[in-house]
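This note's numbering puts the first residue of the sequence shown at 357, with every later residue one more than the last.
Have a look at the structure below, then the notes.
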Amino acid sequence: MSENAQGMARNVAVYPWFRFAQSLLFWQAIWFLYFQESVSPAAAIALYAVYDISVTLLEVPLGVLSDRMGRRRTLVIGAVCAAAGSALLALGDSFAVFALGQMFIGAGAAFASGTDSATLYESLAASGRSDEVEAQETRALQFSLWGFAMSALAGGFVALWSFEATFWGAAVAGLAACALALRLTEPPRRLNSEQPLAQLPAMKSALGQPVLRWIFVLTVVMYGFSHLPFVFGQPFIDTALTQIGMGDETPVISGAVTAIMMGLSAVASVFALRLKRRIGLMAILMLAFGLQIGLVAVLALTQSWLAIAVLFLRIVPDALSHPFKMARIQPLLRDEVRATYVSVQNLVGKLVFSVSLLMAAGAASDVAALPYADIRMILGWYVAAGIALWVGLALSARRAGVAA
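Below you can see the structure in the form of structure tokens.
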């Protein structure tokens, strides 16, 4: 086996572990509670929007940089940024410091956006294994979900002792992801042009394909609906548990809910490929989006602690859709626009969602804890919009050639 072939094989082997390290966000189950404790619920929502806006500003430039500079260096820099952001949040005691930490974490996400999947696909293609992309994307997603699950559960218990310690743990995980990225070999890429703006005609060509436009829109709306329970889930759990006298246990239970959520999604991913083969690509994607809307609807309709169980399903739609969306679009993209396209797609999703969150923050009460009446009102509007979007996407899927 040649040195290059060995490098590509190592990339495929290392990639799931890189995704695992990226996912060790020990603070994920308590970040809203942590911000709310230092500022206010409205400011906590705004801080999440700061993250999304920072990604928005960097998403496309860094996607272009990845397509020009290379995958390995882009992933290394992204991991360092994520570690630095978590450290700043651990040290923070004001909105300004928290916002700076969110910006660094956003930068880390922007560096990795599109570049991670591009690295996997190009490594597989260089090895003559491009037909494995669905299976390898699914495997990487499983590693990522188990990383989220383990860190959420551990973070919930650590938070009983110290909220700040969960962010320090994520900083160490970021450094581990950096070390794994350094082990990668730069995959070969075929660039049709070395001009700085070569991505523009390639992007125009990509968006001229109906299937890529359809998946683009679906990805944008699914991003928002996937993150709604992430943003509002913690205050929802806090309210529900307080009603039954268990408010002090919110960090642990929030972590356990997140761990179960990720674990169920990892299990769902095991059966996802078989389900997709049985019902088809279009059906499984619409099923995934429908599940997201249904989950948000349940949270909008009841504040019972039993509704917490619905949060277990939050990531299942991602497990049923992400590997198949990536496998469908990657062969249709040129090498010089592979990361750029995904970055633009993610940018639009984050921009649309962050704008909607800023509007939601304006409607939220400036009190010590976000009341359920505000949660119900905000989520109700999201559900109405989601139903309209689902119908539109379902009606246009066949014409776009999604299942071809």
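Every residue, glycine too, gets a C-beta built ideally from N, C-alpha and C.
Note that the structure is predicted; figures quoted are calculated from it, not measured.
Next item on the list: Flag this pair as yes or no: are the beta carbons of Leu431 and Leu444 separated by less than 9 Å?
Entry: No, these two residues do not count as a Cβ contact at 9 Å.
Checklist line | Residue environment, Asp449, which counts as buried when at least 16 other CB atoms sit within 10 Å | finding: Asp449 is exposed by the Cβ-count criterion.
Item checked: Segments assigned alpha helix (DSSP H), at least 4 residues, entirely inside the region 644-679 -> Here the runs fully enclosed are 672-675.
Next item on the list: Tell me, to the nearest whole angstrom, how far the beta carbon of Leu536 is from that of Val370; I am working on the premise that it is less than 8 Å.
Entry: Leu536 to Val370, Cβ: 6 Å. Contact.
Item checked: Contact the region 706-715 vs the region 633-640: 3+ CB pairs below 8 Å -> Contact between the region 706-715 and the region 633-640 is absent, because fewer than three Cβ pairs lie under 8 Å.
Item checked: Local Cβ density within 10 Å of Ala756, reported as buried at 16 or more and exposed below that -> Ala756 should be labelled buried.
Next item on the list: Answer with buried or exposed for Ala744, where buried requires no fewer than 16 other C-beta atoms within 10 angstroms of its C-beta.
Entry: Exposed is the call here.
Next item on the list: Tell me whether the beta-carbon of Ala740 lies closer than 9 Å to the beta-carbon of Ala675.
Entry: Taking a C-beta distance under 9 Å as the contact criterion, Ala740 and Ala675 do not qualify as a contact pair.
Next item on the list: Have a look at Phe523, Ser486, Ile461 and Gly462 and flag the residue whose alpha-carbon is nearest the alpha-carbon of Ser473.
Entry: When each option's Cα is compared against that of Ser473, the closest is Ser486.
Check: Using the rule of at least 16 other Cβ atoms within 10 Å of the residue's Cβ for burial, across every protein chain shown, is Gln686 buried or exposed?
Finding: Buried: at least 16 other Cβ atoms inside 10 Å.
Notebook entry, point to check: Anyone know if the C-beta pair for Phe680 and Tyr579 falls short of 9 Å?
Noted result: For Phe680 and Tyr579, no; Cβs fall outside 9 Å.
Note to self: Assuming Phe388 is part of the alpha helix (DSSP H), what are its boundary residues?
What the structure shows: Residues Trp387 to Ser394.
Note to self: Taking the alpha helix (DSSP H) that Phe499 belongs to, which residues open and close that run?
What the structure shows: Here the alpha helix (DSSP H) through Phe499 covers Val489 to Trp517.
Check: Do the region 454-468 and the region 394-412 meet, that is, are 3 or more Cβ pairs less than 8 Å apart?
Finding: Under the Cβ criterion (8 Å, minimum of three pairs), the region 454-468 counts as touching the region 394-412.
Next item on the list: Quick one: grab the DSSP three-state call for Pro543.
Entry: When secondary structure is reduced to three states using DSSP, Pro543 falls in the coil class, being assigned neither helix nor strand.
Check: If you draw a straight line from the alpha carbon of Met364 to that of Phe513, how long is it in whole angstroms?
Finding: Answer to the nearest angstrom: the Cα atoms are 39 Å apart.
Next item on the list: Confirm, please, whether the CB-CB distance from Trp570 to Ala361 is below 9 Å.
Entry: Note that the C-beta distance between Ala361 and Trp570 is not below 9 Å.
Next item on the list: With a threshold of 16 other CB atoms inside 10 Å of the CB of Val747, please say whether the residue is buried or exposed.
Entry: Exposed, since its Cβ has fewer than 16 Cβ neighbours within 10 Å.
Next item on the list: Leaving aside the five residues before and after Gly619 along the sequence, list all residues of the same chain whose C-beta is less than 6 Å from its C-beta, in chain order.
Entry: In chain order, Ala505 place their CB closer than 6 Å to the CB of Gly619, counting only its own chain and leaving out the 5 sequence neighbours on each side.
Next item on the list: Below 7 Å CB to CB, which residues in the same chain sit around Ser394 once its five sequence neighbours on both sides are set aside?
Entry: Taking Ser394 as the centre and dropping the five residues before and after it, the same chain places the C-beta of Asp449 closer than 7 Å to its C-beta, in chain order.
Note to self: Which residue wins for smallest C-alpha separation from Met459, given the options Ala405, Ala385 and Gln384?
What the structure shows: Closest by alpha carbon: Ala405.
Note to self: Tell me the DSSP secondary structure of Ala759 in three-state form.
What the structure shows: If DSSP states are grouped into helix, strand and coil, Ala759 belongs with coil.
Next item on the list: Would you mind giving the Cβ-Cβ distance between Pro585 and Val626, rounded to the nearest angstrom? I have them listed as a contact below 8 Å.
Entry: Contact flag wrong, Cβ pair sits at about 22 Å.
Check: Among Glu478, Arg428 and Phe519, which residue has its Cα nearest to the Cα of Phe388?
Finding: The shortest Cα separation from Phe388 among Glu478, Arg428 and Phe519 belongs to Phe519.
Check: For Trp383, does the three-state DSSP call read helix, strand or coil?
Finding: Residue state, collapsed to three classes: coil.
Check: Which term fits Trp517, buried or exposed, when burial requires 16 or more other beta carbons within 10 angstroms of its beta carbon?
Finding: Exposure of Trp517 is indicated by the presence of fewer than 16 other C-beta atoms within 10 angstroms of its C-beta.
Checklist line | Gln378 to Leu538 span [Cα, whole Å] | finding: About 14 Å.
Margin query: Measuring alpha carbon to alpha carbon, tell me which residue in Val758, Asn702 and Trp373 is nearest Leu497.
Written below: The residue among Val758, Asn702 and Trp373 with its C-alpha nearest the C-alpha of Leu497 is Trp373.
Check: What are the boundary residues of the alpha helix (DSSP H) that includes Leu688?
Finding: Looking at the DSSP string, Leu688 is not in any alpha helix (DSSP H), and its letter there is neither H nor E.
Next item on the list: Please list, in chain order, all residues of the same chain as Ile616 whose beta carbon is under 6 Å from its beta carbon, the five residues on each side excluded.
Entry: Excluding residues within five positions, the ones whose Cβ falls inside 6 Å are Phe668.
Next item on the list: Indicate whether Ala527 and Ala468 have their beta-carbon atoms separated by less than 9 Å.
Entry: No.
Next item on the list: Assuming Leu629 and Ala491 form a contact by the criterion Cβ under 8 Å, report the distance between their Cβ atoms to the nearest whole angstrom.
Entry: Between the beta-carbon of Leu629 and that of Ala491 there is about 7 Å, and that keeps the pair under the 8 Å contact cut.
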